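Residue numbers (our numbering), protein chains in the order written: chain S, 2 to 394; chain E, 207 to 286.
All C-beta atoms in this analysis are idealised placements derived from N, C-alpha and C, irrespective of residue type, glycine included.
This structure is a prediction, so every number in the text was calculated from the model and none was measured.
Single-structure report; data block below.
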Amino acid sequence: MTDPSGNLEIQVNRTAAGAQCWIRSTRPVHAASVFIGRTAAETSVRLPRLFSVCARAQAGACAAALEQARDCVASPLTQIRRERAIAVERGREHLWRILLDWPGLLGTAPARQDLRLVISETTRLLAALDAQGDLFHPGSEAPAELARQAVFDAAASALEAQLTRSLFGVAPTRWLDEVIDATRFEHWCRVTDGVAAPLLRHLIDANEAGLGPTDIAVLPDLPDRTLLEALTGPGAAHFVARPTWHGVARETSPYARMREHPLIASLLGRFGCGLLVRLTAALLEVATSFVAGTGPDQAPAPPPAQVNPPGTGVGIGRTQAARGLLVHLARLDQDRISDYRILAPTEWNFHPEGVVAAALTALPPAPDAAWRRRAELLITAIDPCVAFRLHLT
Amino acid sequence: MCLAIPARITAVHSTSDTATVALDGVSKEISLALVEDAKVGDYVLVHVGYALNTISEEEAARTLAMIAEMGALASTDDTP
Numbered sequence: 002m003t004d005p006s007g008n009l010e011i012q013v014n015r016t017a018a019g020a021q022c023w024i025r026s027t028r029p030v031h032a033a034s035v036f037i038g039r040t041a042a043e044t045s046v047r048l049p050r051l052f053s054v055c056a057r058a059q060a061g062a063c064a065a066a067l068e069q070a071r072d073c074v075a076s077p078l079t080q081i082r083r084e085r086a087i088a089v090e091r092g093r094e095h096l097w098r099i100l101l102d103w104p105g106l107l108g109t110a111p112a113r114q115d116l117r118l119v120i121s122e123t124t125r126l127l128a129a130l131d132a133q134g135d136l137f138h139p140g141s142e143a144p145a146e147l148a149r150q151a152v153f154d155a156a157a158s159a160l161e162a163q164l165t166r167s168l169f170g171v172a173p174t175r176w177l178d179e180v181i182d183a184t185r186f187e188h189w190c191r192v193t194d195g196v197a198a199p200l201l202r203h204l205i206d207a208n209e210a211g212l213g214p215t216d217i218a219v220l221p222d223l224p225d226r227t228l229l230e231a232l233t234g235p236g237a238a239h240f241v242a243r244p245t246w247h248g249v250a251r252e253t254s255p256y257a258r259m260r261e262h263p264l265i266a267s268l269l270g271r272f273g274c275g276l277l278v279r280l281t282a283a284l285l286e287v288a289t290s291f292v293a294g295t296g297p298d299q300a301p302a303p304p305p306a307q308v309n310p311p312g313t314g315v316g317i318g319r320t321q322a323a324r325g326l327l328v329h330l331a332r333l334d335q336d337r338i339s340d341y342r343i344l345a346p347t348e349w350n351f352h353p354e355g356v357v358a359a360a361l362t363a364l365p366p367a368p369d370a371a372w373r374r375r376a377e378l379l380i381t382a383i384d385p386c387v388a389f390r391l392h393l394t
Numbered sequence: 207m208c209l210a211i212p213a214r215i216t217a218v219h220s221t222s223d224t225a226t227v228a229l230d231g232v233s234k235e236i237s238l239a240l241v242e243d244a245k246v247g248d249y250v251l252v253h254v255g256y257a258l259n260t261i262s263e264e265e266a267a268r269t270l271a272m273i274a275e276m277g278a279l280a281s282t283d284d285t286p
């Protein structure tokens, strides 16, 4: 059977004149059209169950798009709770890669038991944040108090203890307060055990921290109107499969989000925009997502301006999923979906001329095994979400 | 957007914490390392070789029906 999740075929040809990279995707980028004809209510329930890997990010973008299409806005508290749930999920997704893949990059076993505990506690957190199960339904009203505050607090404590043991050596909040520049980061790498620090210090010691620099620009904060035009115009099908902005590929990723954070800015100055910075951006987001997801309700960003005058039945929703910006477009006709498009971060980052292709072609010459290991490090750092195969010639 | 695919467990291999699942009539080995108490006959969501969580048979059927519908649409879409 063909895997309906799709995969990525990454082909790199290396010659004396340099390397060339081709990326072919079979990801189901047009799958959202399956919701055409369904009601808005059914879509808001079924869509996150279908795209269940980042279900809260998908649900958040879907709810925002449908609410905008219906000319309504979720209450501030509902928006806050959605953002908290998406933050918990974002951290969990990074932990998938860190706990399963990072040990293998040093030849050690995946930390499956650690991840099992993380999944268990994040599941409890998410259930407590959305006890009624309707947080992401269009127009829902989050309750003033969490119905399961005690369960939430217990899960947050257990997750904090797990993150301390597995990754940071100290509580995530303390790590964020103390590890604020490249010097302190290097010290932390050298005195900490667990899953993350050994790999990061190995990259520094092996002079691999700066591998894979690229000149691919970060995706700017596009206005809703711009996204609407791209996602409904004659080139919409091509745009969701191979998106570009002003004719060139862009990057949307943890690095793109965190590049101005003091720690990442300091690491950029010392090591450049390479492997170490990318991996550290994901680690940093584990800590910041934990704080955002388990901390108190805080004021959200103001709602985006309406795309169209009320009554046009079209809406754009966006969330920051683990791997980058996730955008949904919904068009409603008599409360049924007449058009639905999803623009996912993997299509930006694994564009044939995007950041992964550029990073791979920037790798220095090396024997096959060493070159493959470094390439897999880079691909893992940018995280395709789906299975990939790397072919070298 | 990333899909996790529902699959029914046909055999559990407790020594290796793995299982055999049936995916559209094809058998596949997956890891059970991330789920608790999964047993033969349960439906699990599978993503990149791992069972993510168990789901009801009814939920699995609904999701598989949508995936089948997606496949039918993909054969006629305008993917470049």
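Flag H253/E as yes if its beta-carbon sits less than 8 Å from any beta-carbon of chain S, otherwise no.
yes
Distance check for G314/S and R342/S, CA to CA, integer angstroms please.
14 Å
Taking buried to mean at least 16 other C-beta atoms within 10 Å of its own C-beta, is T215/S buried or exposed?
It is buried - the Cβ of T215/S has at least 16 other Cβ atoms within 10 Å.
Taking the alpha helix (DSSP H) that T16/S falls in, what are its first and last residues?
Counted as a single uninterrupted DSSP element, the stretch harbouring T16/S is not any alpha helix (DSSP H) but the beta strand (DSSP E) occupying residues 9 to 16.
Have a look at S167/S, L330/S, A376/S and flag the residue whose alpha-carbon is nearest the alpha-carbon of L100/S.
S167/S
From the DSSP output, which residues share a beta bridge with G19/S?
For G19/S, the beta-bridge partners assigned by DSSP are T16/S.
Which full runs of the alpha helix (DSSP H) of 4+ residues lie inside the region 56 to 114 of chain S, going along the chain?
56 to 70, 77 to 101, 103 to 106
At a CB-CB cut-off below 9 Å, which residues of chain E make contact with P244/S?
Those do not exist, as P244/S stays about 12 Å from chain E at its closest Cβ, beyond 9 Å.
Out of L391/S, A382/S, V357/S, C190/S, which one is the CA nearest neighbour of A370/S?
L391/S
Can you confirm whether L275/E, when its beta carbon is compared against all beta carbons of chain S, has any partner nearer than 8 Å?
The identity of residue 275/E in the sequence shown is Glu, whereas the question assumes Leu. Output row for E275/E: interface = yes.
Residue ranges of each alpha helix (DSSP H) run of no fewer than 4 residues wholly in the region 301 to 384 of chain S, ordered along the chain?
346 to 350, 356 to 362, 369 to 383
Take A88/S as the anchor and find which of G140/S, G296/S, A358/S, E354/S has the nearest alpha-carbon.
A88/S has its Cα closest to that of G296/S, out of G140/S, G296/S, A358/S, E354/S.
For A238/S and L232/S, I'd like the C-alpha separation in whole angstroms.
Their Cα atoms are separated by approximately 8 Å.
Counting only beta-carbon atoms, is P286/E nearer than 8 Å to chain S?
Per-residue confidence for P286/E stands at a pLDDT of 39, beneath the threshold of 50, marking its modelled position as unreliable; the derived number appears in the next sentence. With 8 Å as the cut-off, P286/E counts as an interface residue toward chain S.
Does DSSP put L232/S in a helix, in a strand, or in coil?
Here L232/S sits in helix by DSSP.
With 8 Å as the threshold, decide whether the Cβ of S53/S is near any Cβ in chain E.
Yes, its Cβ sits closer than 8 Å to a Cβ of chain E.
With 16 other CB atoms within 10 Å as the buried threshold, where does G355/S fall?
Here G355/S is buried, its C-beta having at least 16 other C-beta atoms within 10 Å.
H138/S: buried (16+ other C-beta within 10 angstroms of its C-beta) or exposed?
buried
Is the Cβ-Cβ distance between P365/S and A288/S less than 8 Å?
Result no, Cβ atoms of P365/S and A288/S do not sit closer than 8 Å.
Answer with yes or no whether the minimum CB distance from S6/S to chain E is below 8 Å.
yes
Do A62/S and V241/S have their beta-carbon atoms positioned less than 8 Å apart in this structure?
No, they are not a contact pair.
For chain S, is any of its Cβ atoms less than 8 Å away from the one on T269/E?
Yes, contact with chain S.
Between the region 208 to 232 of chain E and chain S, which residues of the former have a C-beta closer than 7 Å to a C-beta of the latter?
C208, L209, A210, I211, L229, D230, V232
Does any residue of chain S bring its CB to less than 8 Å from the CB of A244/E?
no
What whole-angstrom Cβ distance do I211/E and L229/E have, given they're in contact under 8 Å?
6 Å
Would A29/S count as contacting chain E if we go by Cβ distances under 8 Å?
This sequence places Pro at residue 29/S; Ala is not what is there. So, interface residue.
Consult DSSP for G146/S and reduce its assignment to one of helix, strand or coil.
Per the sequence shown, the amino acid found at residue 146/S is Glu instead of Gly. Coil at E146/S, not helix or strand.
What residues in its chain sit with their C-beta under 8 Å from that of G140/S, if we drop five residues either side in the sequence?
E68, R71, C73, A75
Could you check where the alpha helix (DSSP H) with A242/S kicks off and where it finishes?
237 to 242
Helix, strand or coil: how does DSSP classify R117/S here?
Three-state DSSP puts R117/S in a helix.
Give the secondary structure of D284/E by DSSP, where H, G and I count as helix, E and B as strand, and everything else as coil.
For D284/E, the predicted model reports a pLDDT of 42, less than 50, meaning its position is unreliable; a value from the coordinates is still stated below. In the structure shown, D284/E sits in coil (DSSP, three-state: anything other than H, G, I, E or B).
Kindly list the residues whose CB is nearer than 6 Å to the CB of R149/S, restricted to its own chain and excluding five residues on each side of it in sequence; keep chain order.
A129, A132
What residues in the region 374 to 387 of chain S bring their beta carbon closer than 7 Å to a beta carbon of chain E?
Cβ contacts with chain E come from C386, V387.
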